[in-house]
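Participant: So the sequence shown is numbered by my numbering: it starts at 416 and just counts up by one.
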Amino acid sequence: MKKYVIIVASGSGKRMGECIPKQFLVLKNKPILLHTLENVYNSSSEYNIILVLNKEHLSLWKDIIEKYDVNIPHKVVYGGRERFFSVKNAIESINENSECLVAIHDGVRPFVNKDILQNCFALTEQNGNAVCCTKCVDSVRVISNNNNSPFNRDNIRLIQTPQCFYLTTLKKAYCQEYSESFTDDASVVEKIGEKIFLCNGDRKNIKITTPEDLKIAESLLQ
Numbered sequence: 416m417k418k419y420v421i422i423v424a425s426g427s428g429k430r431m432g433e434c435i436p437k438q439f440l441v442l443k444n445k446p447i448l449l450h451t452l453e454n455v456y457n458s459s460s461e462y463n464i465i466l467v468l469n470k471e472h473l474s475l476w477k478d479i480i481e482k483y484d485v486n487i488p489h490k491v492v493y494g495g496r497e498r499f500f501s502v503k504n505a506i507e508s509i510n511e512n513s514e515c516l517v518a519i520h521d522g523v524r525p526f527v528n529k530d531i532l533q534n535c536f537a538l539t540e541q542n543g544n545a546v547c548c549t550k551c552v553d554s555v556r557v558i559s560n561n562n563n564s565p566f567n568r569d570n571i572r573l574i575q576t577p578q579c580f581y582l583t584t585l586k587k588a589y590c591q592e593y594s595e596s597f598t599d600d601a602s603v604v605e606k607i608g609e610k611i612f613l614c615n616g617d618r619k620n621i622k623i624t625t626p627e628d629l630k631i632a633e634s635l636l637q
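#1: Using only CA atoms, which one of E461, S460, I422, S594 lies nearest to I447?
#2: For the alpha helix (DSSP H) containing S634, name the first residue and the last one.
#3: Exposed or buried, what is F597 when buried is set at 16 or more other beta-carbons lying within 10 Å of its beta-carbon?
#4: What does a CB cutoff of less than 8 Å around L516 pick up in its chain, not counting 5 residues either side in sequence?
#5: Any idea what DSSP makes of Q536, helix, strand or coil?
#6: Could you give the distance in angstroms between the alpha-carbon of A505 and the alpha-carbon of Q591?
#7: Measuring CA to CA, which of E511, V502, H450, W476 is closest to V603?
#8: Tell me the start and end of each unbroken alpha helix (DSSP H) in the region 434–461 that is at least 4 residues and wholly inside, in chain order.
#9: Do the region 555–570 and the region 452–472 make contact, defined as three or more Cβ pairs closer than 8 Å?
#10: Just curious, the beta strand (DSSP E) that K586 is in, first and last residue?
#11: Quick check: the Cα distance between K550 and K586, rounded to an integer number of angstroms?
#12: Take every Cβ of the region 510–524, pair it with every Cβ of the region 475–483, and state whether three or more of those distances are shorter than 8 Å.
#13: So for S564, helix, strand or coil by DSSP?
#14: Hey, quick one: how far does the alpha helix (DSSP H) through N504 stretch, first residue to last?
#15: If you draw a straight line from the C-alpha of K619 to the C-alpha of R524, how long is it?
#16: What did DSSP end up calling V485 once you bin it into helix, strand or coil?
And the structure:
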């Protein structure tokens with residue numbers, strides 16, 4: 416079955432506090448987004464990669480391709496005003512006559528690897544979808560009405576990407592009107608009545624959103 420990987424990298428990265436979006440910041444001699452792209456491609460050269468970028472960042476990405484001599488096949492799709500619309504644009508760019516699988520991944524999670532992607536795709540074929548997650552290792556408390564109380568962390572999962580689905584499911588889900596409750600692709604798909612299946616992620620598969628995250632990422636590459 417044909418497999419696609421959508422890498423979403425159209426955000427502005429305001430929380431990083433830099434003049435350029437976080438996905439283009441240099442991590443160990445190359446941009447974060449390039450690490451992500453290379454790790455997806457190195458997982459399998461058979462994956463069809465779609466890169467979602469802000470239209471204003473296209474020239475910056477072209478400069479990166481030239482500077483780092485990037486020869487990885489990929490298609491660029493322009494993002495929208497919210498992540499929902501960015502993913503929707505990427506999904507609508509896929510024209511297949513037969514069913515295929517689509518994994519959606521954050522461009523600022525550069526530590527995605529072969530095992531994570533293969534597991535996601537395999538479990539999606541079996542269950543209909545697969546959403547990466549990790550167990551919560553911290554103590555958890557719930558705040559309510561100016562009070563707080565402990566919560567069983569065994570019932571908590573921290574959600575990551577990739578999140579993988581059948582293309583037909585995604586196309587149906589992304590025909591919905593946008594809602595602020597859509598925090599990720601799983602929440603969009605769940606809204607049309609689909610049961611979400613969780614799969615093991617990796618604690619190293621961090622999302623780089625703050626300067627502290629960047630320091631952690633640098634240590635992981637040492």
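Think of the CB as a built atom: it goes at the ideal place given N, C-alpha and C, for glycine as much as any other residue.
Facilitator: From the atom records:
#1: Within the sequence shown, numbered from 1, the residue matching residue 447 stands at position 32. Comparing Cα-Cα distances from I447 to each of E461, S460, I422, S594, the minimum goes to I422.
#2: In the sequence shown, counting from the first residue as 1, residue 634 sits at position 219. Taken as a continuous stretch (DSSP letters only), the alpha helix (DSSP H) holding S634 covers 626–635.
#3: The residue given as residue 597 occupies position 182 in the sequence shown. Buried is the call here.
#4: On the sequence shown, position 101 is the one that residue 516 refers to. Once the five neighbours on either side are set aside, the close Cβ partners of L516 are M416, K417, K418, Y419, F536, T539, E540, C579, F580, Y581, L582.
#5: Taking the first residue of the sequence shown as position 1, residue 536 is located at position 121. For the record, residue 536 in the displayed sequence is Phe; it is not Gln. Helix at F536.
#6: Here residue 505 refers to the residue found at position 90 when the sequence shown is read from its first residue. Here residue 591 refers to the residue found at position 176 when the sequence shown is read from its first residue. For A505 and Q591, the distance between alpha carbons rounds to 15 Å.
#7: In the sequence shown, residue 603 corresponds to position 188, counting from 1. For the residues E511, V502, H450, W476, the minimum Cα distance to V603 belongs to V502.
#8: 447–458
#9: no
#10: Sequence index remark: in the sequence shown, residue 586 carries index 171 (1-based). No beta strand (DSSP E) holds K586; the alpha helix (DSSP H) holding it covers 582–588.
#11: On the sequence shown, residue 550 is found 135 positions in, with the first residue counted as 1. On the sequence shown, residue 586 is found 171 positions in, with the first residue counted as 1. Those two C-alpha atoms are separated by around 30 Å.
#12: no
#13: Locating residue 564 in the sequence shown gives position 149, where the first residue counts as 1. Three-state result, S564: strand.
#14: The count along the sequence shown starts at 1 and reaches residue 504 at position 89. N504 -> alpha helix (DSSP H) spans 498–507.
#15: Counting from 1 along the sequence shown, the entry for residue 619 is found at position 204. Counting from 1 along the sequence shown, the entry for residue 524 is found at position 109. Using only the alpha carbons, I get a separation of about 9 Å.
#16: Taking the sequence shown and counting its residues from 1, the one referred to as residue 485 is at position 70. Correct three-state label for V485: coil.
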